[in-house]
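Residue numbers (the numbering used here): 74 to 142.
Beta carbons: idealized from backbone N, C-alpha and C, even for Gly.
What you are looking at is a predicted structure, and each value in this text was computed from that prediction instead of being measured.
Okay, so here's the structure we're looking at.
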Amino acid sequence: MEVIKLREDFIKLGQALKAAGLVESGVEAKEVILEGLVLVNGEVELQRGKKLYDGDIVQFDGEQIMIEK
Numbered sequence: 074m075e076v077i078k079l080r081e082d083f084i085k086l087g088q089a090l091k092a093a094g095l096v097e098s099g100v101e102a103k104e105v106i107l108e109g110l111v112l113v114n115g116e117v118e119l120q121r122g123k124k125l126y127d128g129d130i131v132q133f134d135g136e137q138i139m140i141e142k
C-alpha cells in the first residue's frame, strides 16, 4: 500500500493518483476517474477534484493509496 503524506489539509484525487505513480498525467487521472475505475473509501468516485483527507483510502488498478497527515 502506497502512503501519501499530506502537506496541506487535503490532496485532490487526481493529484493523489499522480503522486502515487498510478497514472502518468492529469488527463489520464481524469479518464480513469470518469470511467468509474477509482474507489475512495470503498465507493466509486467520479470527481477528479474530490478532496482527500487523513485516513482516506483510494483504490485503483489493484493498488491502494492511504492518505496520512
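7 angstroms CB neighbourhood of residue i in its chain, flanking five on each side removed
i: LEU107; result: LEU119
Residue nearest to residue i in terms of C-alpha spacing, selected from the options
i: ASP127; options: VAL76, GLU141, LYS91 and ASP134; result: GLU141
i: LEU112; options: LYS123, ILE77 and PHE133; result: PHE133
i: ARG121; options: ASN114, GLU104 and ASP129; result: GLU104
8 angstroms contact criterion, which residue i and residue j should meet: CB distance rounded
i: ALA93; j: LEU125; result: So it is not a contact: roughly 11 angstroms between Cβ atoms.
i: ILE77; j: ILE130; result: At roughly 11 angstroms, the Cβ-Cβ gap does not stay under 8 angstroms, so ILE77 and ILE130 are not in contact.
i: GLY115; j: ALA102; result: No, GLY115 and ALA102 are not in contact; Cβ-Cβ is about 19 angstroms, not under 8 angstroms.
Beta-carbon proximity check, residue i vs residue j, cutoff 7 angstroms
i: GLU136; j: LEU95; result: yes
i: VAL100; j: GLY109; result: no
Same chain, Cβ closer than 8 angstroms to residue i, five either side skipped, listed in chain order
i: LYS85; result: ARG121, GLY122, LYS123, LYS124 and LEU125
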